[in-house]
Amino acid sequence: MVINWFSISKAVAVRCLLTFHAIMCFWRVVLDLRDSNYWLLLCGLLPLVCETCYTLIRRQGVEFPRFTPCFLCYLMAVLPGIWLLELHKTDQYIWSKNNNTLQAEEQNKSSEFFIFHEMLDSKTWLIVIEEMLTYVMFASRWVLPRGRVRREELAELLFAFIEIAADIMEFFSLIGEDVIRKDKTLSFWVLGIWSLSILQFTMTVTVIHQPKKEKKVTVVVIESDTDKQRERVRHECFAIFLTMAMQDLPFAIMRLYTIIKFSYINYSLIFFTSKNLIIIMLLLYKVIAVCKNQYRQHAEDHAGDTVKRKTAKTDGAEKGFNNLQNIFATSKPGGVGDQKIEDRQNEEHTESNHSNESVDYVLEEKIP
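Each step along the sequence shown adds one to the number in UniProt numbering, with nothing skipped, and position 128 is 128.
Below, the structure written as structure tokens:
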């Protein structure tokens with residue numbers, strides 16, 4: 001077995017990048033929450049280490065075509081750290097609203113724990129870590145070995161990643177609004193929806209319903225083509241509903257709840273709420289169009305099979321009618337049938353004479 005060192009090196013580089021970002025996140029958690037016990041979050045990287053060993057040894061660094069397990073292990077490790085940072089920021093905000101003097105004192109104390117406090121403050125570090133999450137996953141997906149994913153499919157997937165990341169980061173900015181930040185329950189909801197949407201990066205939903213490369217075969221079976229078409233339609237519908245359930249639908253519900261519950265309206269909130277609702281309608285329209293097209297194709301195939309069966313029945317009836325005509329022709333006296341019977345009897349008589357002559361010849365040879 002030939003070892004693909006180039007694929008292995010790319011797989012290792014990507015996992016090192018993911019690990020570096022996770023460690024940076026844990027470092028900020030320990031620094032902001034002032035508790036060294038949070039270094040135990042490093043244990044969350046153990047699944048990523050196990051996945052790395054399996055991918056390098058068993059798959060030579062090549063990823064699965066429809067699922068990226070290293071992203072899942074990475075998100076399982078880094079998302080708890082981001083949750084802790086955001087909830088700590090929410091607690092600080094609520095605390096500052098209750099006592100402004102404590103806020104100033106807290107800021108002065110926290111500055112003592114900053115290693116790079118002259119460069120970036122705590123809020124800026126949190127923004128950097130959160131935005132680096134999407135950029136790191138985008139770059140990692142680009143660098144990872146493609147496996148059976150074609151370059152065209154990878155390019156389409158990366159474009160989809162950019163669109164998803166832009167919408168996710170805009171939605172996550174909702175947690176910074178005063179109406180959300182002062183309510184810890186709503187902060188939990190925003191973090192939960194954001195985490196659910198981030199999981200889209202682990203699945204190549206834009207690739208699973210793409211048509212495969214044609215293969216040369218010597219036998220064409222209509223049933224197999226129909227099954228492949230149905231499977232492709234099922235995959236496409238699954239990808240559409242998955243995108244809707246993990247991003248556009250919860251985003252629209254959360255934004256509408258914020259507008260209705262708190263009467264909070266601004267330009268970006270109205271724009272992106274309308275955008276999510278329009279995308280949901282377009283996705284539903286696409287599902288209806290795909291299913292209708294499949295139903296029409298199935299009806300045409302069924303009509304074609306019915307015509308073929310009727311044609312086969314007509315051919316069989318004509319063949320049976322011709323056989324009956326032959327039978328009636330053979331039963332007529334003095335007709336062609338009698339001539340055929342007479343010729344057959346003459347042939348049998350000739351064969352019998354030949355066989356008798358052969359027997360006589362054999363007997364003459366044996367008798368002295």
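Positions of the beta carbon are idealized from the N, C-alpha and C atoms, including for glycine.
Taking 9 Å as the cut-off, the beta carbon of D32 is found closer than this to the beta carbon of L85. DSSP assignment within the region 19 to 64 yields the following whole alpha helix (DSSP H) runs of 4 residues or more, N-terminal first: 46 to 58. In this structure T68 is buried. Its beta-carbon is surrounded by 16 or more other beta-carbon atoms within 10 angstroms.
Beta bridge pairing from DSSP links M203 with F67.
Less than 9 Å separates the beta-carbon of T90 from that of R181.
Contact between the region 159 to 179 and the region 190 to 201 is present: three or more C-beta pairs spanning the two stretches fall below 8 Å. One alpha carbon belongs to F201, the other to T124, and they sit about 25 Å apart.
For Y74, the secondary structure class from DSSP, reduced to helix, strand or coil, is helix.
Taking the Cβ atoms as the reference, I3 lies roughly 51 Å from Q92, outside the contact range of under 8 Å.
A22 counts as buried, since at least 16 other C-beta atoms from the protein chains shown sit within 10 angstroms of its C-beta. Less than 9 Å separates the beta-carbon of R148 from that of P65.
With 16 or more other CB atoms across the displayed protein chains lying within 10 angstroms of its CB, F71 is buried. Comparing alpha carbon positions, the residue from P80, F6, T258, F159 closest to L186 is T258. In the DSSP assignment, M137 falls within the alpha helix (DSSP H) that extends over 122 to 143. In the displayed model, Y267 falls within a helix according to three-state DSSP. In this structure, E236 sits away from L144, with a CB-CB distance that is not shorter than 9 Å. The residue from M24, L249, L284 with its alpha-carbon nearest to that of E130 is M24. In the three-state scheme derived from DSSP, where H, G and I count as helix and E and B as strand, D183 is classed as coil. In this structure, T273 sits away from L284, with a CB-CB distance that is not shorter than 9 Å. If you draw a 10 Å sphere on the C-beta of D227, you find fewer than 16 other C-beta atoms in it, and that means exposed. Inter-residue distance for D167 and I270 is about 14 Å (C-alpha atoms, whole angstroms).
Excluding its 5 nearest sequence neighbours in each direction, A77 has C-beta neighbours in its own chain below 6 Å: A22, G44, L45, listed in chain order.
In the three-state reduction of the DSSP assignment, R148 falls in the coil class. Where M244 is concerned, there is no enclosing alpha helix (DSSP H), because DSSP gives it neither an H nor an E.
One thing to note: I193 has its Cβ within 9 Å of the Cβ of F251.
In this structure, DSSP gives N293 a helical state, which the three-state scheme calls helix. Across the structure, N37 and I82 are spaced so that their CA atoms are roughly 16 Å apart.
Each residue's CA atom was taken as its position, placing N98 and D183 some 13 Å apart. Around Q247, the same chain offers S197 as residues with beta carbons nearer than 6 Å, after the five sequence neighbours per side are excluded.
Just so you know, the alpha carbons of D121 and H88 end up roughly 15 Å apart.
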